[in-house]
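Here's the structure we're looking at; comments come further down.
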Amino acid sequence: MMQKIAFLGLGAMGSRMAKNLLDAGYPLTVWNRSKAATEAFAKVGATVADSPAEAAKEADVVMVMVRDDDASMEVWSAPEHGAFNGMKQGAIAVDSSTLSVAGVKKLADVAKQRGITLLEAPVSGTRKPAENAQLVYLVGGDKAAFDKVEPLFRANAKASEYVGDIGSGALAKLATNAMLGIQATAFAELIGMLKHNGVDVEQTLKAVSATTVWAPIANYLTSTMVEQNFAPQFPVELVEKDFRYVEQAAGADMPVSKAARAVFRKAMEQGFGGENLTAVAKLYQK
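For the sequence shown, our numbering gives the first residue as 836, with consecutive numbering after it.
Here you go:
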C-alpha cells in the first residue's frame, strides 16, 4: 500500500511538487492558505483539507513547502490548526522550504518535544525542474527516516542527497543559492560592462563560454539577461532572503555574500523583487 501524503503549501514550487506526487499515484491530501490553489487538485482526485492539522490526520508523511521560517513554523506548530497537532504516531514530517539553520533546528526541537521525527529536505531547482521532476533534495535529519521516505522523493527529483544531521540540509541549500546569487550579480555587472563598450554581447559571451571558467548555470543566467526574460523562476526577493539566512549562519564576516545581497536589495528597491533573479541585470542598463 502506498504511503498517504499530506502536502501543505501550493505556491509556485509546492503546486508542482504536489502534482507530481499525485501523478505518481500517491493518495494525496492538500492544504493551502489560499483555498483557490486547491481547486485544481480537488478536480483530479486529491482531498482538500481546511487546516494543516486536518490534512495531517491520516498521512504517513506530511510535506511542507512555504516561503520562510515564519511561514513554516506557523504551518507546523500553530495552536490547534498546526500540522503537528494532527499527525498520527509514526508519521514523518518533511519540510522542503528554504529555512535558516537556526529556524530548522528550532522546528526540529518543537517536533521532538511532540514525539515527531522531522526531516529537512530543501530542494535545488526552480519551477521548470519541479514540473519535470528534476529537483535535487538536500536532506538533513534522521537517516532511518530518510530511508523510509526516499522512494517518494523520486516523484519529484533526479537525486536525493543525504547530508547529515538537522541543519546540514539548510546549509547545503543556502550554499547552493548563495553560489547562484553571486554568479548572477557577477554576470549582471559584466554584461553591463560589455554593453557599455559597444561590443557584440552574445558573441563575446559565446567566446567566454569556451573557456574553463564557464559553468553550466551560466548559460541560463546570461541568456535570460541578454533576452531580457525576467519571468519569475527564482524571484529576487527570495534570493535576498536566502542571503540573509547565509549571513545569520556565518561564523565570520562574508564580504562577497554581503555585497551580492546588497545588489538584490537594490533591485527590490527598484521594484524588481517579484521578477527573476536575473533581473539584477537591469541595474546596469542605461
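Where is the CB? At the ideal position from N, CA and C, for every residue including glycine.
Near residue i, what residues of its chain come up, given a Cβ to Cβ distance below 8 Å and the 5 sequence neighbours on each side ignored?
i: Val-1098; result: Thr-1020, Ala-1023, Val-1115, Leu-1118
i: Leu-934; result: Asp-903, Asp-904, Ser-907, Leu-942, Glu-955, Pro-957, Ala-1005, Tyr-1080
i: Gly-917; result: Pro-887, Ala-888, Glu-909, Val-910, Trp-911
i: Met-1103; result: Val-1071, Glu-1072, Glu-1075
i: Ala-926; result: Ala-891, Ala-894, Asp-895, Val-896, Val-897, Ile-951
i: Leu-970; result: Met-852, Val-958, Ser-959, Gly-960, Pro-964, Asn-991, Ala-992, Lys-993
i: Asp-1000; result: Gly-975, Gly-976
i: Lys-940; result: Ile-1001, Gly-1002
If you drop the 5 nearest sequence neighbours on each side, which residues of the same chain put their C-beta closer than 7 Å to that of residue i?
i: Phe-981; result: Leu-954, Val-974, Tyr-997
i: Phe-1069; result: Thr-961, Asn-1111, Leu-1112
i: Phe-1078; result: Ala-1013, Gly-1016, Ser-1092, Ala-1095, Arg-1096, Phe-1099
i: Leu-1029; result: Val-1036, Thr-1039
i: Ile-1052; result: Leu-1015, Gln-1018
So residue i is in the beta strand (DSSP E); what residue range does that whole segment cover?
i: Leu-845; result: No beta strand (DSSP E) holds Leu-845; DSSP gives it neither H nor E.
List the endpoints of the continuous alpha helix (DSSP H) containing residue i.
i: Trp-1049; result: Careful: Trp-1049 lies outside any alpha helix (DSSP H) and carries neither H nor E.
i: Glu-909; result: 904-912
i: Ser-869; result: Careful: Ser-869 lies outside any alpha helix (DSSP H) and carries neither H nor E.
i: Tyr-1080; result: 1071-1084
i: Leu-987; result: 978-988
i: Phe-1065; result: Careful: Phe-1065 lies outside any alpha helix (DSSP H) and carries neither H nor E.
i: Leu-942; result: 936-948
i: Ala-1095; result: 1090-1104
i: Asn-920; result: 918-921
i: Ala-859; result: Element bounds for Ala-859: n/a, residue is neither H nor E.
i: Ala-890; result: 887-891
Tell me the DSSP bridge mates of residue i?
i: Met-898; result: Phe-842, Val-929
i: Glu-996; result: Leu-973
i: Leu-953; result: Ala-928
i: Thr-882; result: Thr-864
i: Ser-959; result: Val-971
i: Asn-1032; result: In DSSP, Asn-1032 forms no bridge with anything.
i: Asn-1111; result: Pro-1070
For a test of your reading of the model: does the CB of residue i fall under 6 Å from any non-hydrogen atom of the ligand ADP? Yes or no.
i: Ala-1021; result: The ligand ADP is not part of this structure, which contains no ligands at all.
My guess is that residue i and residue j are in contact by the Cβ rule of under 8 Å, so how many angstroms apart are they, rounded?
i: Gln-838; j: Val-899; result: Not quite, the Cβ-Cβ distance comes to about 16 Å (not below 8 Å), so this is no contact.
i: Leu-843; j: Ala-881; result: Going by Cβ atoms, the distance from Leu-843 to Ala-881 rounds to 12 Å, so no, they are not a contact pair.
i: Gly-860; j: Val-936; result: With 8 Å as the limit, Gly-860 and Val-936 do not qualify as a contact, their Cβ atoms being about 35 Å apart.
i: Ala-928; j: Met-922; result: 7 Å
i: Leu-1009; j: Ala-1084; result: 6 Å
i: Gln-1120; j: Gly-1033; result: With 8 Å as the limit, Gln-1120 and Gly-1033 do not qualify as a contact, their Cβ atoms being about 14 Å apart.
Beta-carbon within less than 6 Å of residue i's beta-carbon, same chain only, minus the 5 sequence neighbours each way: which residues are those?
i: Gly-938; result: Asp-904
i: Thr-864; result: Ala-841, Thr-882, Ala-884, Ala-890
i: Met-848; result: Met-900, Ala-965
i: Gly-1108; result: Val-1071, Glu-1072
i: Trp-866; result: Leu-843, Ala-884, Pro-887, Ala-890
Exercise for the section: Tell me, please, whether the segment 1042-1058 touches the segment 1094-1109 by the rule of three or more beta-carbon pairs shorter than 8 Å. Expected result: Judged by Cβ distances under 8 Å, the segment 1042-1058 makes no contact with the segment 1094-1109, as fewer than three pairs qualify.
Practice task
May I ask you to verify whether the segment 976-994 touches the segment 1058-1076, counting CB pairs closer than 8 Å and requiring at least 3?
Solution key: When Cβ pairs closer than 8 Å are counted between the two stretches, the segment 976-994 is seen not to touch the segment 1058-1076, the count staying below three.
Exercise for the section: May I ask you to verify whether the segment 874-889 touches the segment 847-862, counting CB pairs closer than 8 Å and requiring at least 3? Expected result: A contact exists between the segment 874-889 and the segment 847-862.
Exercise for the section: Would you check if there are 3 or more beta carbon pairs closer than 8 Å linking the segment 958-971 to the segment 865-874? Expected result: The segment 958-971 is not in contact with the segment 865-874.
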